[in-house]
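Undergrad:
Residue numbers (my numbering): 57 to 497.
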């Protein structure tokens with residue numbers, strides 16, 4: 057008899073008939089849109105309502121993401137020890153209340169920058185735990201053969217939110233001011249409700265072999281995901297590829313608006329339109345990622361997407377005023393398309409490869425590695441872009457070429473000899489040694 061706690065086997069090849077996945081997908085689609093609204097509404101609240109300085113707005117942005125660097129690894133340990141859906145429900149409830157405090161305080165005329173900093177930090181903390189649990193929960197909800205399709209659908213709605221959310225956020229702020237943050241608070245309520253409505257029983261978390269061995273055992277558990285990534289011949293190349301692409305991609309991304317407005321002389325009203333058109337590639341990538349993984353190969357698509365589709369963004373610094381302005385949205389479309397296809401493929405690979413009891417820590421380790429280069433890339437972009445030697449266009453050249461060259465990490469890896477991801481029966485995660493590192497197999 058099959059284990060009743062195991063992922064349900066699909067009775068149809070399509071996830072459209074999978075009730076629990078559709079419930080999760082619907083809740084997350086609304087939540088992603090609400091979060092994208094906040095990316096505009098939160099800094100607008102600081103600037104318009106509280107007259108925040110440029111430095112304060114920068115600190116506000118940093119406060120919302122710093123927790124990924126500070127607590128991602130401990131979050132992975134927590135995710136592997138408790139029920140993931142229960143943790144996600146708690147995180148949604150917390151974010152609903154935290155974000156909802158802003159419009160309440162604004163209505164009572166007691167809103168301060170201190171509260172905005174606290175909201176950004178606390179909401180970011182809850183998001184770290186939610187995201188790590190989310191990536192680790194999906195493989196327990198759907199069958200392994202459906203992971204590419206499922207991650208593609210989730211990636212498509214995330215890309216749509218990134219296209220539509222900022223415009224909606226700006227419009228709502230113009231209408232109701234800080235009350236626009238209510239939209240995000242309500243979106244978390246929808247996500248919370250969707251998680252409550254899922255019927256599938258989650259497999260019981262498997263305790264690590266080192267659990268209960270005191271401080272040394274706790275340290276070994278904490279760094280087990282990081283050690284698993286570094287010792288695996290493919291995962292360490294995926295981590296290096298993603299981190300490198302994020303470093304150089306954020307260099308170029310930090311200068312996109314300046315490039316459009318000050319170099320290409322695009323009117324501000326048209327700048328948002330060009331960025332939105334380019335971002336549509338992410339939606340297309342999410343829709344086609346599952347089909348492309350079947351055509352090209354679920355393992356081969358990881359390096360193919362970066363090497364082939366990832367070459368399209370190199371067109372960006374070729375843009376000039378006039379007809380060649382079209383190079384910019386085409387390049388941005390290629391970038392967003394590549395990012396979604398690559399991320400869906402490598403996330404599916406990680407989910408299929410990793411032992412279930414280590415999945416949370418592995419996902420947390422990957423997030424800690426690859427997100428750590430984002431602020432550094434943005435800083436380098438600003439420094440090099442303002443330097444007399446390089447300037448904006450030359451820095452963008454460095455960024456787009458460096459981001460494309462990241463493909464060579466995964467091209468020169470065992471993935472080059474694989475077409476599809478093998479279906480693995482996971483053994484228990486190897487026990488860490490005395491230094492907290494997973495022993496090599």
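Glycine included, C-beta positions come from ideal geometry on N, C-alpha and C.
Excluding the 5 residues preceding and the 5 following residue 246 in the sequence, name in chain order all residues of the same chain whose CB lies nearer than 7 Å to its CB.
TA: So the qualifying residues of the chain are 83, 86 and 87.
Undergrad: Give me the Cβ distance between residue 465 and residue 129, rounded to the nearest whole Å; I'm assuming they're in contact under 8 Å.
TA: Not a contact, Cβ separation roughly 22 Å.
Undergrad: With distances taken from CA atoms, which of 249, 97 and 363 is nearest residue 297?
TA: If we check each option's Cα against that of residue 297, 363 comes out closest.
Undergrad: Have a look at residue 127 and residue 406 and give me their C-alpha separation to the nearest angstrom.
TA: If I take the Cα positions, the gap works out to 21 Å.
Undergrad: With residue 393 and residue 365 assumed to form a contact (beta carbons below 8 Å), what rounded beta-carbon distance in angstroms separates them?
TA: That pair is a contact at about 6 Å.
Undergrad: Tell me whether residue 439 is buried or exposed, calling it buried when 16 or more other Cβ atoms sit within 10 Å of its Cβ.
TA: With fewer than 16 Cβ atoms within 10 Å of its Cβ, residue 439 is classed as exposed.
Undergrad: Distance, Cα to Cα, residue 249 vs residue 117?
TA: Between residue 249 and residue 117, the C-alpha separation is close to 28 Å.
Undergrad: Taking C-beta to C-beta, are residue 307 and residue 244 nearer than 8 Å?
TA: Not in contact: residue 307 and residue 244 (Cβ atoms no closer than 8 Å).
Undergrad: The alpha helix (DSSP H) spanning residue 305 covers which residue range?
TA: Unbroken alpha helix (DSSP H) run through residue 305: 291–309.
Undergrad: Determine whether the beta carbon atoms of residue 131 and residue 421 lie at a separation below 8 Å.
TA: Not a contact, by the Cβ cut-off of 8 Å.
Undergrad: Could you please give the first and the last residue of the uninterrupted alpha helix (DSSP H) stretch that includes residue 144?
TA: Unbroken alpha helix (DSSP H) run through residue 144: 140–163.
Undergrad: Give the straight-line distance between the Cα atoms of residue 192 and residue 143, rounded to the nearest whole angstrom.
TA: Each residue's Cα considered, the two are about 12 Å apart.
Undergrad: Go through its chain and collect everything with a Cβ distance to residue 147's Cβ below 7 Å, but skip five positions before and after it.
TA: Once the five neighbours on either side are set aside, the close Cβ partners of residue 147 are 182, 185 and 186.
Undergrad: Less than 8 Å between C-beta atoms, sequence neighbours within five positions excluded: which residues of the same chain meet that for residue 72?
TA: Hits under 8 Å: 78.
Undergrad: Beta-carbon separation of residue 304 and residue 462 under 8 Å?
TA: Cβ atoms of residue 304 and residue 462: closer than 8 Å.
Undergrad: Considering just the uninterrupted stretch of the alpha helix (DSSP H) at residue 169, what are its terminal residues?
TA: Element bounds for residue 169: 169–197.
Undergrad: Give me the residue from 238, 387 and 197 with the minimum Cα distance to residue 257.
TA: Among 238, 387 and 197, the Cα nearest to that of residue 257 is on 197.
Undergrad: Using a threshold of 8 Å, state whether the C-beta atoms of residue 219 and residue 339 are closer than that.
TA: In contact: residue 219 and residue 339 (Cβ atoms closer than 8 Å).
Undergrad: Go through the segment 416–440 residue by residue and report every complete run of the beta strand (DSSP E) that reaches 3 residues or more, in order.
TA: Taking only runs of at least 3 residues, no beta strand (DSSP E) segment lies wholly in the segment 416–440.
Undergrad: Would you mind reading off the limits of the alpha helix (DSSP H) that contains residue 402?
TA: Residues 383–409.
Undergrad: Could you work out which residue in 259, 400, 92 and 102 is closest to residue 158 when comparing CA atoms only?
TA: That would be 102, whose Cα lies nearest to the Cα of residue 158.
Undergrad: From residue 487 to residue 113, what distance separates their C-alpha atoms?
TA: Only weak support is given to the placement of residue 487: the predicted model assigns it a pLDDT of 39, under 50, and the question is left unresolved by the model.
Undergrad: Which whole-angstrom value is the C-beta distance of residue 369 and residue 390, which I expect to be below 8 Å?
TA: 5 Å between Cβ atoms; contact.
Undergrad: Could you tell me how far apart the beta carbons of residue 349 and residue 401 are, in whole angstroms, since I believe they sit closer than 8 Å?
TA: With a Cβ gap of about 6 Å, residue 349 and residue 401 count as contacting.
Undergrad: Could you spell out where the alpha helix (DSSP H) holding residue 34 opens and where it closes?
TA: What the structure shows of the chain is the stretch from 57 to 497, and residue 34 is not part of that stretch, so it cannot be assessed.
Undergrad: Ordered along the chain, which non-local residues of its own chain (more than five positions away) have a Cβ less than 8 Å from that of residue 448?
TA: Same-chain partners within the cutoff: 311, 314, 315, 318, 319 and 441.
Undergrad: Compare the Cα-Cα distances from residue 499 to each of 342, 360 and 347 and report the closest residue.
TA: The structure shown does not extend to residue 499, since the chain is modelled only from 57 through 497, so no value can be given for it.
Undergrad: Can the beta-carbon of residue 418 be found less than 8 Å from the beta-carbon of residue 281?
TA: Taking 8 Å as the Cβ cut-off, residue 418 and residue 281 qualify as a contacting pair.
Undergrad: According to DSSP, is residue 74 helix, strand or coil?
TA: Coil, per DSSP.
Undergrad: From residue 92 to residue 242, what does the alpha carbon distance come to, in whole angstroms?
TA: Those two C-alpha atoms are separated by around 13 Å.
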